[in-house]
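>
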Amino acid sequence: MSQINRLTQGGRIDRSKTLNFTFNGTSYTGFPGDTLASALLANGVDIVNRSFKYSRPRGIVAAGAEEPNAVVQLGSTEAAQVPNVRATQQALYQGLTAASTNGWPNVQNDVMGLLGKLGGKMMPPGFYYKTFMKPASMWMTYEKLIRKAAGLGRSPREKDPDIYDHMHRHCDVLVIGAGPAGLAAALAAGRSGARVIICDEQEEMGGSLLDSRDLINGQDPALWAAVAVAELLAMDEVMVLPRTTANGYHDHNFVTLHERRTEHLADTAPQINGQPQARARMHHIRAGQVILATGAHERPVVYANNDVPGNMLAGAVSTYIRRYGVVPGNKLVLTTSNDYGYRAALDWHEAGREVVAIVDARANPDGDLVKAAREKGIRIITGSAVFEGKGSKRVSGARVARIDLDNFKLAGSVEDLVCDTIASSGGYSPVVHLAAHTGARPVWSDEAIGFLPGKVKGMTPVGAARAVYSLSAVLADAVEAGASAAAACGFESGGIELPQVQSATEGPACALFQVPHEKPTMRAPKQFVDQQNDVSAAAIELATREGFESIEHVKRYTAMGFGTDQGKLGNINGMAIAARCMGQTIPQTGTTVFRPNYTPITFGAIAGRHCRDLFDPERYTALQPWHVKRGAKFEDVGQWKRPWYFPIGNESMHDAVARECLAVREKVGILDASTLGKIDIQGKDAREFLGRIYTNKWEKLGVGKARYGLMCKDDGMVMDDGVTTCLAEDHFLMTTTTGGAAGILEWLELWHQTEWPELEVYFNTVTDHWATMTITGPRARDLLSEVTDIDLDKDNFKFMECREGQVAGVPARVYRISFTGELTYEINVQANYAMRVWEALFQHEAKYGLTPYGTETMHVLRAEKGFIIVGQDTDGSVTPEDLGMQWCVGYDKPFSWIGHRALTRPDTKRDDRKQLVGLKPVDPKVVLQEGAQIVRDPNQTIPMKMVGHVTSSYYSPVLNSGFALAVVMGGHKRMGEKVYLPMADGKTHEAEIVSPIFFDPKGARQNV
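Numbered according to our numbering, the sequence shown spans residues 206 to 1213.
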């Protein structure tokens, strides 16, 4: 089909190259620079979809994100299917395949359309709720039929072939929107040296400048936009993101941006040098200041049959003509309440098509554009409006009459005009959606005849987003905002000289939302407010009659502003109609709340891979520089970077860990244990509180003594462990697992504040305050005696005790606590003095064979002793008794403790629960895989009955074999039995169930 509506010249498209695409199985052509919508209009396609509820034929209305009807299904293959894409936002590419989301057997002749025509009056708001409630057993059947009739897009049935990215970014100033306001604000902020990110949802930046009739410095304003974009691209601290929608605005200027990276190229992302490119990317932005340059949406006028294809927004008509070289019809009637709508008639006339009439609701319109229309001989009918469109599958005429808006009625005779296109403009609504995401309520302005963004800390609306529409005023407003935003971030603006703007003067607009009809609203032909959800003026009037007075209730009862539309075109008109029906003003009626996402985004983008550095703080101990200098390899433990092992020369990890293990067992090793969680607990009820939090007893723990404790959740399952020391009768220091520190502090506060607020007890995290150095091994006492004044005699400083004194001249707390089973001292000093103490110890490195070791060696050493790691040897389903730690549970404590009741349930007393045991491979060279499943019969058929799994597994140079900890059903009573571990490669390993304590079972080495 030829492009019957395409002009031979004009627009921003490339006519030198033709692009082929298909829509509903029919082949069409377009040009680079087209959207799917502009290409469909160029080819004379009137019906692009069928409506949600009544299956009425629908055409293209708008030219941007506000489009309610042209929501299509994309994809040439099953795997490439993407539902609910706006044709107005989809760039045309070679081979694009699209289809309507509704209409059977096709969009031109839809069977459901007949039902909507005949039974439409029987489907008012609440129809589904009132009709399909009984019998309840039939609802699932009803739901399938309703969903099918609704005609929304469908998800692909095959795996998505594309990849998606997530990135986290920080900036000083985030500018949302790259029209005249956004570009000017970004230039002002960028020239100051501030880090700026500017994004815009369109393919090309420039916004309204790309189809404006104004002049900047005597030239096409698109030229100024191109120069501005080029300057921004050349700035090192500025990131320019076209095809990027700010889809969510959250607290503290956290904004999510959805960048469509390759969706304009093909239905699957291309590859570069054999590497697949990301189809879309989610940017998580934390901004110092946000400039909201989102512009405004033109409001359609609500009149009868305003949904028939050929009814369009006046601004969209101008956009298609001036930007895409497409005139979407031959005979135009314009109905407007403002001067800006006249652009459509002037552009239409200049394109060589007939303007039948301009119907202006104002009695005496006066402005440059009005004068230009009169000079061109265009008929202007004042004080009137189009109150009904004629036609079924395409507009065939317009009915016009004088209107009395004060009394909401027609005030004169009716005139029928023959036309095929009706353009309407009821004014402009600032795009307040993003500001509303934060919870800021929009504020009504009578002067702007629209809602303005509510106040958000660190956010500044500019230009049309705050109802400033004159181009010269927009640029001035934006430059000031950009400079102020940069200044708020500590930058002095480099300044920007405002260009000379030549634009038409405009007269005042009038408030026109719904045009009265000859018949009452309830009996007139349908007057649609929300075309995407088939919400009519009659539906809103009925909702108010049925007692729905809150606009939020009206929204939910009628579905106004639901779905992908989010009320972009219909909400203001809907609120005005509801206000009129209830005899209220619009401010009294209020507005609905908008939610993310601003426009639909794919699940792929939401769930995409995370790229570059993890957006999480990296925490380092005070000894980090020493570890780096010593060549440590690091692993992430929570947010901490902990030394994993310390290779010497070309040592492998296996060799380094074996050397470190033997050093600890034979001489002395040292571990940086500063990352252990430390919570300072004080108050006269601190001891009582500990007794309720821990499973064991604390009432008799003496000052200077330490005790190991288990914490359970209220379901009786182990959640953390650690050692707590009594420093005074009302002062304790609790240690937790590294990764669990924050969660445990929150847990303590939760129970104190919600369950036991009467207890006088206070908590403070002191993890960063103290550096902890663990020296462990047979020569630990000899080493420490070189640098301390503390009496280390075994009878005066016993296991699980604490002493204070000087270590290397630094005040210190020293604990005799062991996680290796060896003689161990934990030295705690103020973190700023850690390096001094550490280096003082290493002055005796050669004398005692002092060896630094990392977390991997720590794991081997603790596992040899059967010591658990919470989160590795437990998984949220393990009780203290499952671990064989009944000795750590005080069932006879006077006050109940967290988890006590749960541990008395029959389920937690079962003999066949998974219980902690040791596993000794029959082949000592085998190191079992952690997570490997355990079976009793290796010959049983698949699926095998799993009886447990390996939780920790290592090679021990002391045992000269592999060994493991595992949880096995009924394991405590199965010592000596053989079990089997089938592997993915087909091998099966045999192991013997043994005690989890593999080394020094009596603990003699730690008590010397």
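Beta carbons: idealized from backbone N, C-alpha and C, even for Gly.
Are GLY534 and ARG558 touching if we call contact CB-CB under 9 Å?
Their beta carbons are under 9 Å apart, which means GLY534 touches ARG558 by this criterion.
> Short of 6 Å in beta carbon distance, which residues of its chain neighbour VAL443, apart from the five on each side in sequence? Order them along the chain.
GLY395, VAL401 and LEU437
> Using only alpha-carbon positions, find the residue among PHE1072, THR942, SER675 and VAL740 that is nearest to ASP419.
SER675
> Whole angstroms are fine: how far does the CA of MET317 sit from the CA of GLN299?
33 Å
> How far does the beta strand (DSSP E) with TYR1053 in it reach, from first residue to last?
Looking at the DSSP string, TYR1053 is not in any beta strand (DSSP E); the run it does join, the alpha helix (DSSP H), is 1050 to 1053.
> Could you tell me the alpha carbon to alpha carbon distance between ASP1142 and GLU840, rounded to whole angstroms?
38 Å
> How is PRO505 classed by DSSP in three states: helix, strand or coil?
coil
> Give me the residue from PHE1100, GLN719, ALA891 and GLU951 with the minimum Cα distance to ASN510.
GLN719
> What's the C-alpha gap between ALA577 and LEU551?
8 Å
> Would you kindly check if the distance between the Cβ of GLN407 and the Cβ of ALA383 is under 9 Å?
yes
> Within a Cβ cutoff of 7 Å, which residues of the same chain sit near GLU965, ignoring the five residues on either side of it in sequence?
Closer than 7 Å at Cβ, skipping near neighbours: GLY888, LYS889 and ASP890.
> Hey, THR240 and ALA296 are a contact pair by Cβ (cut 8 Å); roughly how many whole angstroms apart?
6 Å
> Is there a C-beta anywhere in chain B that falls below 9 Å from the one on VAL564?
Checking the listed chains, one finds no chain B in this structure; it contains a single protein chain.
> Would you kindly check if the distance between the Cβ of VAL661 and the Cβ of TYR803 is under 9 Å?
No. Outside cutoff.
> When we look at the beta-carbon of LEU988 and count the other beta-carbons within 10 Å, is it buried (16 or more) or exposed?
buried
> One question on the structure: do VAL1172 and ASP1078 come within less than 9 Å of each other, judged by their Cβ atoms?
A contact, by the Cβ cut-off of 9 Å.
> Along the chain, where does the beta strand (DSSP E) containing ALA606 start, and where does it finish?
600 to 609
> Go ahead and pull the three-state DSSP assignment for LEU906.
coil
> Would THR643 and ASP456 qualify as a contact pair, given that the criterion is a beta-carbon distance under 9 Å?
Yes. Within cutoff.
> May I ask you to report which of helix, strand or coil DSSP gives CYS917?
strand
> One question on the structure: do LYS883 and VAL971 come within less than 9 Å of each other, judged by their Cβ atoms?
Yes; because the gap between Cβ atoms is below 9 Å, this pair is in contact.
> Rounded to a whole number of angstroms, what is the C-alpha to C-alpha distance between LEU657 and GLN294?
The straight-line gap from Cα to Cα measures roughly 25 Å.
> The alpha helix (DSSP H) that contains ASP987, what's its start and end?
985 to 990
> So, for MET780: in the same chain, excluding its five sequence neighbours on each side, which residues have a beta-carbon less than 7 Å away from its beta-carbon?
ILE756, ILE791, THR794 and THR796
> In the DSSP assignment, find the unbroken beta strand (DSSP E) run with ASN307 in it and report its ends.
Looking at the DSSP string, ASN307 is not in any beta strand (DSSP E), and its letter there is neither H nor E.
> Please identify the residue among ALA744, GLY588, GLU893 and GLN736 whose C-alpha is closest to the C-alpha of ALA729.
ALA744
> Could you give the uninterrupted runs of the beta strand (DSSP E) lying entirely in the stretch 815 to 856, keeping only those of 3 residues or more?
838 to 842 and 845 to 850
> Tell me GLY453's beta-bridge partners as DSSP assigns them.
THR461
> Starting from LEU707, follow its DSSP beta bridges and name the residues at the other end.
Before going further, note that residue 707 is Gln rather than Leu in the sequence given. In DSSP, GLN707 forms a bridge with LEU420.
> Whole alpha helix (DSSP H) runs in the stretch 1015 to 1053 with 4 or more residues, listed along the chain?
1039 to 1047 and 1050 to 1053
> May I ask which residues mark the beginning and end of the beta strand (DSSP E) holding CYS715?
That residue, CYS715, is in no beta strand (DSSP E); it is neither H nor E in DSSP.
> Beta strand (DSSP E) containing MET1214: first to last residue?
Nothing about residue 1214 can be read from this structure; the chain reaches only from 206 to 1213.
> So, are the CB atoms of LEU615 and VAL561 less than 9 Å apart?
no
> For LYS1130, which of helix, strand or coil comes out of DSSP?
DSSP, reduced to helix, strand and coil, places LYS1130 outside both helices and strands of the structure shown, so it counts as coil.
> Answer yes or no: do TYR525 and SER630 have a C-beta to C-beta separation smaller than 9 Å?
no
> When you compare only the Cα positions, how much space is there between LEU497 and PRO237?
Computed Cα separation, rounded: 30 Å.
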